[in-house]
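See structure below.
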Amino acid sequence: MVSKRLFILVFLLVVVGAAILALPLALRAIPPRYAARFLPKPLLALTVPEQESPILPTVARPADASFLLEPAATAAATAVTLLPPTFTPPPTAVSDQPVATPAPIIPPTQTPPPAPTPIPIPPAARIEGVRHEFQEWNNCGPATLAMTLSVFDLNLTQKDTAPILKPNPEDRNVSPHEMAAFVNERTDFQALVRVNGQADTVKRLVANGIPVILEIGIEPPGEFRWMGWYGHYMLVVAYDDAQEQFWIYDSWLGTSEVPLENAGPDGRILTYEALERDWPHFNRNYIAVYRPDQAQLVADIIGPDMNDDVMWRNNL
Numbered sequence: 007m008v009s010k011r012l013f014i015l016v017f018l019l020v021v022v023g024a025a026i027l028a029l030p031l032a033l034r035a036i037p038p039r040y041a042a043r044f045l046p047k048p049l050l051a052l053t054v055p056e057q058e059s060p061i062l063p064t065v066a067r068p069a070d071a072s073f074l075l076e077p078a079a080t081a082a083a084t085a086v087t088l089l090p091p092t093f094t095p096p097p098t099a100v101s102d103q104p105v106a107t108p109a110p111i112i113p114p115t116q117t118p119p120p121a122p123t124p125i126p127i128p129p130a131a132r133i134e135g136v137r138h139e140f141q142e143w144n145n146c147g148p149a150t151l152a153m154t155l156s157v158f159d160l161n162l163t164q165k166d167t168a169p170i171l172k173p174n175p176e177d178r179n180v181s182p183h184e185m186a187a188f189v190n191e192r193t194d195f196q197a198l199v200r201v202n203g204q205a206d207t208v209k210r211l212v213a214n215g216i217p218v219i220l221e222i223g224i225e226p227p228g229e230f231r232w233m234g235w236y237g238h239y240m241l242v243v244a245y246d247d248a249q250e251q252f253w254i255y256d257s258w259l260g261t262s263e264v265p266l267e268n269a270g271p272d273g274r275i276l277t278y279e280a281l282e283r284d285w286p287h288f289n290r291n292y293i294a295v296y297r298p299d300q301a302q303l304v305a306d307i308i309g310p311d312m313n314d315d316v317m318w319r320n321n322l
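Everything in the sequence shown is counted per this note's numbering, starting at 7 for the first residue and increasing by one.
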């Protein structure tokens, strides 16, 4: 009887030990979009395989090769430069007749063109008619782009944009240029990606009915804080200088201050201060989406940064 119980106990210990050893492998087999949504933080850590950093060879100290330069330096010091003989012009005859001095030619004065007048910024503005959509796992870009195109009455969802932007559902990132290419190649509208964005530029675009997608770094609020820093896309729908804030539609957190709830249609608040703090994480990237007839207006609003060289130089 005792031996039977001992056998059962040993068998159970073996089963439990095997289960513990197999747990990390089983967890890593779960697709990341499901693991991040359903697993608690301690188990989520087991889904990431450990990466060992290889020991790289140490760079050898370069030998002193300055002695190789000494002969050249000595030769340069002792070299003698021979100058060609100086040519002495023959004397010229002096005329008794006075020579007339020509009057100086004054080039016509050109009046510089007037500097372009900046497009005024209203104290507040809002884009109406935006349809919010909650994202599926890692579908921040596809969902935000679908929301943006709803401004132009395009009835698209992330089900339409995601297969093009990220054919692999496990792809964790969609770049601004991929999103702009979707608009330019698959719709009748246009999109432009710029860096070095400024709050005033965003406000001018929104005031003219041009939706703007921001790429920004965030620290998730509330119960999601444990997830740490995230890169995220946000659609700007309004601003108010008196309150010093933008309102954004967030495909992850919704349209109100309560995460994952659309308690109100105004949008989540993004203060001017938070924008200045978190936008540089992505070089102040933004995407302007507009009708073809608004192309010149967009160029006038963005100004010198329409030129790539100027844009990158200003971003330094």
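Cβ atoms here follow ideal geometry from the backbone N, Cα and C, with glycine treated the same way.
Look at the alpha carbon of residue i and the alpha carbon of residue j, and state the distance between them as a whole number of angstroms.
i    : j    : result
D284 : L18  : 53 Å
N190 : E229 : 38 Å
I224 : L12  : 55 Å
N320 : E221 : 18 Å
M240 : V136 : 13 Å
P169 : V16  : 51 Å
A280 : E250 : 10 Å
V316 : L27  : 57 Å
K165 : W318 : 35 Å
A301 : V295 : 10 Å
G309 : L259 : 33 Å
T261 : P226 : 15 Å
A186 : V20  : 56 Å
E184 : L171 : 7 Å
C146 : S257 : 6 Å
E134 : H238 : 22 Å
L155 : Y278 : 25 Å
K209 : E142 : 29 Å
P157 : V218 : One detail in the question is off: residue 157 reads as Val in this sequence, not Pro. For V157 and V218, the distance between alpha carbons rounds to 11 Å.
N179 : K10  : 56 Å
T150 : L303 : 23 Å
L266 : Y255 : 12 Å
E263 : E282 : 20 Å
I293 : N174 : 23 Å
Y236 : P286 : 14 Å
N161 : L276 : 27 Å
Out of the options, which one is the CA nearest neighbour of residue i?
i    : options                   : result
F3   : S181, N268 and L266       : The structure shown does not extend to residue 3, since the chain is modelled only from 7 through 322, so no value can be given for it.
V199 : L322, D159, V243 and A305 : A305
D159 : T193, R274, W258 and P271 : T193
N313 : D177, N202, G237 and N268 : N202
I216 : L322, A131 and P310       : A131
P128 : R274, D272, L322 and D247 : D247
P271 : E282, Y278 and W253       : W253
T207 : I293, I307 and E282       : I307
N214 : V242, Y236, W235 and W232 : V242
T167 : P148, Y292, P173 and W235 : P148
Whose C-beta lies closer than 7 Å to the C-beta of residue i among residues of the same chain, with five residues either side of it excluded?
i    : result
T163 : E139 and A152
T84  : Confidence is the limiting factor: at T84 the pLDDT is only 38, short of 50, which leaves the residue's position unreliable, though a coordinate-based value still follows. Around T84: no qualifying Cβ.
D311 : R200, N202, M317 and N320
Q196 : V189, N190, Y296, P298 and A301
I125 : R210, D306 and I307
Which residues mark the beginning and the end of the beta strand (DSSP E) in which residue i is found?
i    : result
I127 : Careful: I127 lies outside any beta strand (DSSP E) and carries neither H nor E.
V241 : Position check: residue 241 holds Leu in this sequence, whereas Val was assumed. Run containing L241: Y236 to D246, per the beta strand (DSSP E) assignment.
Q249 : Here Q249 belongs to no beta strand (DSSP E), and DSSP marks it neither H nor E.
Please list the terminal residues of the continuous alpha helix (DSSP H) segment that includes residue i.
i    : result
A149 : C146 to L155
P169 : Q164 to L171
Please go through the same chain and pick out, in chain order, the residues whose beta-carbon is closer than 8 Å to the beta-carbon of residue i, but skip the five residues on each side of it.
i    : result
D177 : N144
Q204 : R290
A244 : A130, A131, R132, I133, V212, F252, W253, D272 and G273
N382 : In the structure displayed, the chain extends from 7 to 322; residue 382 sits before or after that span and is not available.
L322 : none
T80  : Residue placement at T80 cannot be trusted, given a pLDDT of 43 that sits under 50; the coordinates are not used to answer.
In chain order, each alpha helix (DSSP H) run of at least 4 residues that lies wholly inside the stretch 177 to 231: Taking only runs of at least 4 residues, the alpha helix (DSSP H) segments lying wholly in the stretch 177 to 231 are 182 to 192 and 205 to 213.
At 3 residues or longer, and completely inside the stretch 259 to 319: list those beta strand (DSSP E) runs for me, N to C. Within the stretch 259 to 319, the complete beta strand (DSSP E) runs of at least 3 residues are 274 to 277 and 292 to 296.
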